[in-house]
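In full-length UniProt numbering, the protein residues as written are 1 to 245.
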């Protein structure tokens, strides 16, 4: 039997889950309307203006625009601009190609996403200075995007195969990769596998963060697996990942 304070805390947490966005999901259609057509047009104009310069800026500036378009679900526009980038002979970096994979996944074009991934490793791209300074491992970042797209596209089996091969290939999953895979399992109601993976990540020295726990707890509550959800909720509090109100 839960104490009154724990019950109250559980209610507060469940209420908060209804008001925080799922970080693994693409923006909703309603949020896309807030990013006006004018803003998209301005982004495209800036991109084409930079392309027309006698000395175009670094790939980082182009990538920023592609990233903003990808974040607002304007995948076709981002891919179209990327093709213009290629036509001008401007070489993309790992961050640019990761965004391209994200766009392909968002459009369900997984074959193209795989081909981009193959290009990355065939060309042996190296991270640029800005990515290193920001602590970004582009290899595992790219794989994470691909696994996320496969899970959302209903290809969980393929996502699991890629995930299981990561360490063998020398790319140990980070907390985001684990969380994406756990979320994919939860979406299919495979809670035992999700919880086993949660334990595995800790065993491998990768500590779950608040988002990892929230991903599992959200899914458990949605499937009325309240006892397990509340158990994880208490664990989350014990670790100091969620403060009591």
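All residues carry an ideal CB built from backbone N, CA and C; glycine is no exception.
Length of the line joining the Cα atoms of residue 175 and residue 210: Here residue 175 corresponds to residue number 175 of the chain shown, with the count starting at 1. Here residue 210 corresponds to residue number 210 of the chain shown, with the count starting at 1. Approximately 10 Å between the Cα atoms of the pair.
Residue nearest to residue 64 in terms of C-alpha spacing, selected from 139, 165, 53, 81: Stepping through the chain shown from its first residue, residue 64 is reached at position 64. Looking at the Cα atoms, 81 is the closest of the given residues.
Reduced DSSP secondary structure (H/G/I, E/B, other) of residue 187: The residue labelled residue 187 in the question sits at position 187 within the chain shown. It is helical.
Three-way DSSP call (helix, strand, coil) for residue 68 in this model: The residue given as residue 68 occupies position 68 in the chain shown. Reduced to three states, the DSSP call for residue 68 is helix.
CB contact check: residue 92 to chain D, cutoff 9 Å: Within the model displayed, chain D is absent; a lone protein chain is all it includes.
Inter-residue spacing [alpha-carbon to alpha-carbon] between residue 84 and residue 49: To locate residue 84, count along the chain shown from 1; it is residue 84. To locate residue 49, count along the chain shown from 1; it is residue 49. Rounded to whole angstroms, residue 84 to residue 49 spans 12 Å at the Cα level.
At least 3 beta-carbon pairs within less than 8 Å: the region 149–158 vs the region 166–175: no
Inter-residue CB distance, residue 256 and residue 94 (contact presumed, cutoff 8 Å): Lying before the first or after the last residue shown, residue 256 is absent from the chain, which here runs from 1 to 245.
Check whether residue 96 and residue 62 have beta carbons under 9 Å apart: Position 96 of the chain shown holds residue 96. Position 62 of the chain shown holds residue 62. Yes, the Cβ-Cβ distance between residue 96 and residue 62 is below 9 Å.
Residue 144, buried or exposed, once every other Cβ within 10 Å from all chains shown has been counted against 16: Looking up residue 144 in the chain shown gives position 144. So residue 144 counts as buried.
Pair within 9 Å by beta-carbon distance, residue 113 and residue 89: Within the chain shown, numbered from 1, the residue matching residue 113 stands at position 113. Within the chain shown, numbered from 1, the residue matching residue 89 stands at position 89. Contact flag unset, no.
Sequence-distant residues of the same chain with beta carbon closer than 8 Å to residue 78, five excluded per side: Counting from 1 along the chain shown, the entry for residue 78 is found at position 78. So the qualifying residues of the chain are 66, 69, 70, 99, 100, 103.
Rounded C-alpha distance that separates residue 146 from residue 200: Within the chain shown, the letter at position 146 stands for residue 146. Within the chain shown, the letter at position 200 stands for residue 200. Between residue 146 and residue 200, the C-alpha separation is close to 21 Å.
Among 217, 44, 92, 195, the one whose alpha carbon lies nearest that of residue 237: Indexing the chain shown from 1 puts residue 237 at position 237. Of the listed residues, the one whose Cα sits closest to residue 237 is 217.
Residue ranges of each beta strand (DSSP E) within the region 131–185, 3 or longer: Counting only runs of 3 or more, we get nothing.
Residue environment, residue 214, which counts as buried when at least 16 other CB atoms sit within 10 Å: Taking the chain shown and counting its residues from 1, the one referred to as residue 214 is at position 214. Residue 214 is buried by the Cβ-count criterion.
Residue 32 (DSSP reduced to helix, strand or coil): If you number the chain shown from 1, residue 32 lands on position 32. Low confidence applies here, because residue 32 scores a pLDDT of 44, under 50, leaving its location unreliable; read the following figure in that light. Helix at residue 32.
Inter-residue CB distance, residue 191 and residue 220 (contact presumed, cutoff 8 Å): Walking along the chain shown from the start, residue 191 turns up at place 191. Walking along the chain shown from the start, residue 220 turns up at place 220. About 7 Å separates the two Cβ atoms, so the contact holds.
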